[in-house]
Every structure is written in structure tokens, then in C-alpha cells.
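*Asks:* To start, I am sharing the structure in question, which I have written as C-alpha cells.
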Amino acid sequence: MGGAQPEIHQFLPVLDAGDAIGNEAKQIRRLLRSAGYTSDIFVWRAGKGQKGYCRHYSRHRACSAPGNVMLYHFSVCCPITAYFASAPDRKMMRYHNITPAQFFAGIDEEVYYITKKGRRELAQLANVVELALPVSDYNGRELREAGYRRVETTPLVVDYDAFDSPADADVLRRYDDGWTNLLFVGRLSPNKKQEDLVRIFYHYKRINPRSRLLLIGSARQVPRYKQLLDGLVERLGVNDVALAGGVSHAALVAYYKVASAFVCMSEHEGFCVPLIEAMRFGLPVVAYDAGAVAETLDGTGVLIREKRHEAIAELINCLLEDEALRGQLVEKQRHRIEVYTHASTSRRFMNTITAFAERKQ
Amino acid sequence: MGLFDADIDAQRKAEIEATITKRMAERRANGSDPTVEERHRIGDVLDYGRTDFEQITYDLYNARKFVRMFPDEAEGSGGLVGGIKRLYQRVVRRLLRQQIVFNEAVLGVLEDLDERLKKLEAGDDTADKPGKT
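Here the protein sequences come in this chain order: H and F. The first sequence begins at 347 in my numbering and counts up one residue at a time. The second sequence begins at 8 in my numbering and counts up one residue at a time.
Right, dumping it as C-alpha cells:
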């Protein structure tokens with residue numbers, strides 16, 4: 347590589363361990379560095395144990411130059427936006443979507459404000475971003491509506507092979523006992539609609555008493571929603587609902603291993619990485635048709651059209667009772683995830699980003 | 008549009024839909040409607056804005072979090088950080104005052120109830136009159 351090669355740096359609000367955006371940023375930096383580019387991750391805030399992987403975005407000024415490239419992972423409003431807009435570097439955006447503010451109204455005014463402001467910032471950046479890379483066509487449509495001119499969908503760069511690692515023995519011991527475990531992975535948030543999963547499980551538990559609902563995901567962003575879910579579980583008097591919170595990678599592997607089915611009732615997803623993870627573990631996926639869910643499933647799994655909790659509980663029972671049907675669905679899901687191998691997503695992303703970086707403005 | 012879509016044989020899909028309908032109908036024929044019972048149990052628990060007291064405490068929590076969100080040295084803030092901090096500190100102060108008023112109101116009611124209870128225990132039936140706080 348020549349000495350005049352541009353530097354390609356990434357920006358994101360917060361780098362957290364186990365977060366899909368943070369994981370992708372780390373993967374991209376590794377790929378860029380392997381290809382000979384100077385590449386760093388700049389953040390507004392580093393999560394616990396992440397300081398060694400990133401730098402504060404104010405440090406970027408020292409390497410900012412018109413020929414260099416800034417790649418901004420956009421998902422929420424952040425002080426980085428103003429810096430990004432004013433820097434002389436060439437600009438790309440990775441769009442992970444913003445949850446619509448109305449989901450948080452009455453639950454968390456802070457998140458309501460942040461998401462609402464995020465949409466405004468998204469529109470403001472339309473004229474400064476040269477190339478936008480949404481992770482799904484669903485996100486791409488939003489960008490075009492916001493005024494972005496060059497939009498190319500490129501799938502998330504995720505190393506799903508990382509799930510071939512050992513599973514947490516404690517979780518296996520606790521839940522691998524022949525019971526039916528219904529699983530959902532995603533932060534506790536009103537748009538993810540864990541409340542619907544609890545209501546479905548209320549009906550499913552009557553059909554199959556030897557069953558559990560395992561909800562994995564941090565309650566940190568919207569703690570009041572966790573209070574509401576706790577209240578709902580108590581009012582319904584439904585046993586065996588485990589709100590496990592954020593878990594380690596080994597524990598996540600274990601939860602996927604002990605699960606019987608993956609159920610998602612989310613009403614807004616920009617891609618939904620856990621759907622792919624569940625498919626990789628050979629779990630039948632039952633998911634409500636909202637946001638990019640249908641696009642991610644692409645005709646595989648079971649796509650729910652109507653939120654009738656009792657009927658969905660019966661459907662899950664039919665699916666788990668019928669081994670042939672389950673096998674048929676899982677087999678189709680297995681073919682679907684071939685699109686998302688680390689090699690193919692990395693190649694596609696690198697082709698796009700390097701073509702952009704090498705092309706003169 | 009049915010309950011679900013899946014890439015399976017149309018006849019199998021119809022059978023599943025029929026099974027679901029049949030099982031749900033059987034439950035109702037036995038005099039049990041779990042959906043009605045579910046709604047009854049849930050009540051207002053999913054009514055997000057139901058309790059003012061919880062909300063005040065929660066707003067306080069949020070406001071404190073917000074003030075901590077903005078470090079003084081944040082670049083690109085356009086000089087707004089100081090103003091935002093002052094605004095949210097004002098909100099915190101206002102909410103604290105609201106909570107004090109609310110607590111005092113609750114305490115007032117409790118004191119009144121305590122007084123009535125003492126009167127009742129002393130044999131004064133007029134303390135149990137309806138219409139009294």
C-alpha cells in the first residue's frame with residue numbers, strides 16, 4: 347500500500363461489550379487494518395472494559411484531513427454528530443436505525459428526547475454524507491426518505507462463528523432439563539415488546555406447564571420498562587419467567603443451546619441480529635412482522651401477522667409438537683444464514699468501503 | 008390474511024390454523040376464556056402513565072442521569088452544555104420541590120387518618136363519617 351493511502355476511522359456514540367454496533371465496529375477495524383489502512387474507533391463514551399479499544403472523538407482532530415474517511419455508525423443523537431458534520435474529511439454513514447420516539451412516550455422521557463433528536467440529526471446529515479450504508483433495505487428506505495442520495499445496503503459484518511465457543515456451565519445446568527424454553531434476546535425496551543412475550547407465555551404455560559420464558563437483555567436503557575414487566579409477570583401470576591438481564595458471551599451461547607424456540611414480538615427492528623443467531627443455533631424462529639424482520643427472515647421461519655396471544659401460544663405448541671414441520675423450517679433457515687457468513691459480509695463491506703476511499707472526491 | 012406465514016405446504020398451514028381454532032374453541036366450550044381472564048388480571052399494569060408518584064421519582068432519576076450525560080468538555084456541543092446543565096438542574100430542583108409538596112400532602116392525609124383512628128378507638132363514632140378526608 348502506498349504512503350498516500352487515506353485513513354479510515356469509525357465513530358460511534360458508545361462502545362459497549364456485546365453490543366451489535368460495537369462488535370461490528372471492531373470487526374471493521376480489524377479488516378481495515380489487515381488491508382493496510384490506518385483505522386481507529388472514536389467514541390463519545392466507552393463502556394465498561396472498552397477503553398482499550400477506542401479513543402475519545404475529540405482526539406480525532408489530530409488526524410482529520412480532507413482525503414481521509416470518517417465512517418459514522420448512526421443509531422442515536424450524540425455530540426459526535428456536530429463534529430462529524432463540520433470535519434473536512436470525506437463522510438460515510440453506517441445506519442443502524444433509530445427506534446421511533448413514540449415507543450418511549452410516558453415511559454422514559456430521556457430516551458424519548460434522544461430518539462426524537464436522533465431523527466432530526468439524521469435529516470441534518472443528509473447533505474454532508476457522501477455514501478450511506480444501511481444494514482437493511484428497510485433502513486435504506488428511511489435514509490432515502492430523509493434525503494440521502496447515495497444509499498447502498500450492506501449486511502452487518504458479524505462473526506457468527508464466535509458462537510462456536512464454550513457455553514456457560516451454570517446456565518446449562520439450570521435450564522437444560524428437558525423443559526421447553528422459549529427464548530428472546532434483545533434489550534428490555536418498549537419497542538421490543540417483551541410484554542407480548544409474557545402474555546403469550548401466560549397462555550403457553552397452560553398448554554405446557556413444563557416450560558419457561560427466557561428473556562435475555564439489559565434493562566439499563568429503559569429501567570422503567572423492566573418495572574412494568576415485573577408488574578405484568580406478578581399480575582398474571584405466571585411462573586418460570588426469567589429476566590436474565592445482560593449476560594456474558596458464554597452465557598448467551600448457553601441460552602441459545604438450551605432454547606427450544608426463538609420468539610420475537612418486536613415492533614421495530616432495523617435488522618435484528620438475534621434472529622440470525624437463533625437460526626445459526628438451529629432454533630425455529632417465530633417472529634412478528636415489523637420493521638426489517640421479514641427482510642431478515644426472507645421467507646424462512648414463521649412470520650406472525652396478527653398479535654393474538656393465545657393463538658400464537660397454540661401455534662408455538664403445534665410447531666414444537668411436530669418434529670417434521672420443525673425440521674423443515676430449521677432446514678430452510680440454515681440455507682438463509684449462508685448469506686450472512688463472516689467471509690461474505692466482510693468481503694462485501696470491504697469492497698464498498700475501499701472503493702469509496704480510493705476514489706477521489 | 009391469516010395468523011401467520013411460513014414457507015410450508017398450503018394444506019399443512021390450513022391444518023395448523025384449524026387445529027389452533029379448534030383447541031381455542033374447546034377451551035371456551037369448557038367455560039373458560041383465558042383471554043378474558045388475562046385482560047382482567049392485567050388491569051392497568053400496562054397503562055404507562057398511571058401513577059404520578061412513580062413518575063415524579065422517575066423524572067428525578069432521569070434528570071440526574073441527563074445532567075451527568077454531558078461532560079463539560081464535549082466537543083461539537085456548540086457551547087450549549089452549560090445551558091443544558093443549568094436547565095436540567097432547574098428541572099431537578101423543581102421536581103424535588105414537587106416531591107416535597109406531594110410528600111407533605113401524603114403526610115397530611117396520614118396524620119388526619121391517624122387522628123380519626125385515635126378518635127374511633129376512643130369511641131367517637133363521628134370520626135367515621137363519610138365525606139371526611
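All residues carry an ideal CB built from backbone N, CA and C; glycine is no exception.
Tell me which same chain residues have a C-beta within less than 7 Å of the C-beta of A513/H, skipping the five on either side of it?
*Replies:* Once the five neighbours on either side are set aside, the close Cβ partners of A513/H are A596, V599, A600, K603.
*Asks:* Are the C-beta of A657/H and some C-beta of chain F separated by less than 7 Å?
*Replies:* Yes, because at least one Cβ of chain F sits closer than 7 Å to the Cβ of A657/H.
*Asks:* Candidates R552/H, I699/H, L417/H, A624/H: which alpha carbon is nearest L529/H's?
*Replies:* Per the Cα distances, A624/H.
*Asks:* Going residue by residue through the stretch 517-553 of chain H, where are the continuous beta strand (DSSP E) segments of at least 3 residues, counting only ones entirely within it?
*Replies:* Within the stretch 517-553 of chain H, the complete beta strand (DSSP E) runs of at least 3 residues are 526-531.
*Asks:* Where does S612/H sit, in a helix, a strand or coil, going by DSSP?
*Replies:* In this structure, S612/H counts as coil in the three-state DSSP scheme.
*Asks:* For my contact list, S594/H and V568/H are in at a C-beta cut-off of 8 Å; report their separation, rounded to the angstrom.
*Replies:* The pair is not a contact, with the Cβ atoms about 22 Å apart (cut-off 8 Å).
*Asks:* Could you have a look at Q573/H and say whether DSSP puts it in helix, strand or coil?
*Replies:* Q573/H: helix per DSSP, three-state reduction.
*Asks:* Chain H beta carbons: is any one of them nearer than 7 Å to that of R48/F?
*Replies:* So yes, R48/F belongs to the interface.
*Asks:* In whole angstroms, what is the alpha-carbon distance linking P412/H and S432/H?
*Replies:* If I take the Cα positions, the gap works out to 11 Å.
*Asks:* Please report the residue range of the alpha helix (DSSP H) in which S385/H lies.
*Replies:* Careful: S385/H lies outside any alpha helix (DSSP H) and carries neither H nor E.
*Asks:* Between T58/F and chain H, is there a C-beta pair that is closer than 7 Å?
*Replies:* At T58/F the pLDDT is 45, less than 50, meaning the model places this residue with poor confidence and gives no usable figure here.
*Asks:* Hey, L124/F and A657/H are a contact pair by Cβ (cut 8 Å); roughly how many whole angstroms apart?
*Replies:* At roughly 51 Å, the Cβ-Cβ gap does not stay under 8 Å, so L124/F and A657/H are not in contact.
*Asks:* What is the DSSP secondary structure of P137/F, reduced to helix, strand or coil?
*Replies:* Note that P137/F scores a pLDDT of 46, beneath 50, so its modelled location is shaky; the value from the coordinates is reported in the next line. Reduced to three states, the DSSP call for P137/F is coil.
*Asks:* Does any CB atom of chain F fall closer than 7 Å to the CB of K437/H?
*Replies:* Not one chain F Cβ lies under 7 Å of K437/H.
*Asks:* By the criterion of Cβ-Cβ separation under 7 Å, what are the contact partners of T42/F in chain H?
*Replies:* Those within 7 Å of T42/F in chain H are E656.
*Asks:* Taking Y506/H as the reference, give the member of P480/H, Q373/H, Q356/H with the closest Cα.
*Replies:* Answer by Cα proximity: Q373/H.
*Asks:* What are the residues that DSSP puts in a beta bridge with C696/H?
*Replies:* Note on identity: in this sequence residue 696/H is Met, with Cys being the wrong assignment. Its beta-bridge partners do not exist; DSSP assigns none.
*Asks:* In three-state DSSP terms, what is A659/H?
*Replies:* DSSP places A659/H in helix when its eight states are reduced to three.
*Asks:* Whose CA, out of P352/H, R440/H, Y403/H, A508/H, lies closest to the CA of A371/H?
*Replies:* Selected option, being the one with the closest Cα: R440/H.
*Asks:* Once DSSP output is grouped into helix, strand and coil, what is the label at D483/H?
*Replies:* Three-state DSSP puts D483/H in a helix.
*Asks:* Between the stretch 532-553 of chain H and chain F, which residues of the former have a C-beta closer than 9 Å to a C-beta of the latter?
*Replies:* The residues in question are P536, E541, R545, Y548, H549, R552, I553.
*Asks:* Taking the alpha-carbon of L661/H as reference, which of E22/F, D12/F, I27/F has the nearest alpha-carbon?
*Replies:* Out of E22/F, D12/F, I27/F, I27/F has the C-alpha closest to the C-alpha of L661/H.
*Asks:* Output, in sequence order along the chain, the residues in the stretch 622-653 of chain H whose CB is closer than 9 Å to any CB in chain F.
*Replies:* Per Cβ criterion, the list reads V632, D635, A640, G645, T646, G647, V648, L649, I650, R651, E652.
*Asks:* Nearest to S606/H by CA position, among L629/H, E615/H, L589/H, F617/H, is which residue?
*Replies:* Of L629/H, E615/H, L589/H, F617/H, the residue nearest in Cα terms is L629/H.
*Asks:* Report the option in D365/H, F388/H, L489/H whose CA atom is closest to the CA atom of R375/H.
*Replies:* Looking at the Cα atoms, F388/H is the closest of the given residues.
*Asks:* Can you list, in chain order, the residues of its chain whose CB lies under 7 Å from that of Y494/H, leaving out five sequence neighbours each side?
*Replies:* Contacts found: A472, V475, A478.
*Asks:* In chain order, what residues of the same chain have a beta carbon less than 6 Å from the beta carbon of M486/H, not counting five sequence neighbours either side?
*Replies:* The displayed chain sequence assigns Gly, not Met, to residue 486/H. Taken in chain order, the residues that qualify are P480, V497, T499.
*Asks:* Nearest CA to the CA of R490/H: which residue from F509/H, M611/H, N443/H?
*Replies:* Nearest option by C-alpha distance: N443/H.
*Asks:* To the nearest angstrom, how far is it from the Cα of I650/H to the Cα of L675/H?
*Replies:* Each residue's alpha carbon lies about 14 Å from the other.
*Asks:* So I23/F is in the alpha helix (DSSP H); what residue range does that whole segment cover?
*Replies:* Where I23/F is concerned, the enclosing alpha helix (DSSP H) stretches over 17-36.
*Asks:* Go ahead and label Q679/H buried or exposed: buried means 16 or more other beta carbons lie within 10 angstroms of its beta carbon, across all protein chains shown.
*Replies:* Result: buried.
*Asks:* Shorter than 7 Å from the beta carbon of E704/H to some beta carbon of chain F?
*Replies:* No, E704/H does not count as interfacial toward chain F.
*Asks:* Determine the direct distance from the alpha carbon of G645/H to that of S39/F, and round the result to whole angstroms.
*Replies:* Roughly 36 Å separates the two Cα atoms.
*Asks:* Within 7 Å of any Cβ in chain F, is that where the Cβ of G592/H sits?
*Replies:* No, its Cβ sits nowhere closer than 7 Å to a Cβ of chain F.
*Asks:* Beta-carbon within less than 8 Å of L665/H's beta-carbon, same chain only, minus the 5 sequence neighbours each way: which residues are those?
*Replies:* Excluding positions up to five away in sequence, the list reads A607, P630, V632, V648, L671, R672, L675.
*Asks:* How about P434/H and A703/H: do their beta carbons lie closer than 7 Å?
*Replies:* Going by C-beta atoms, P434/H is not nearer than 7 Å to A703/H.
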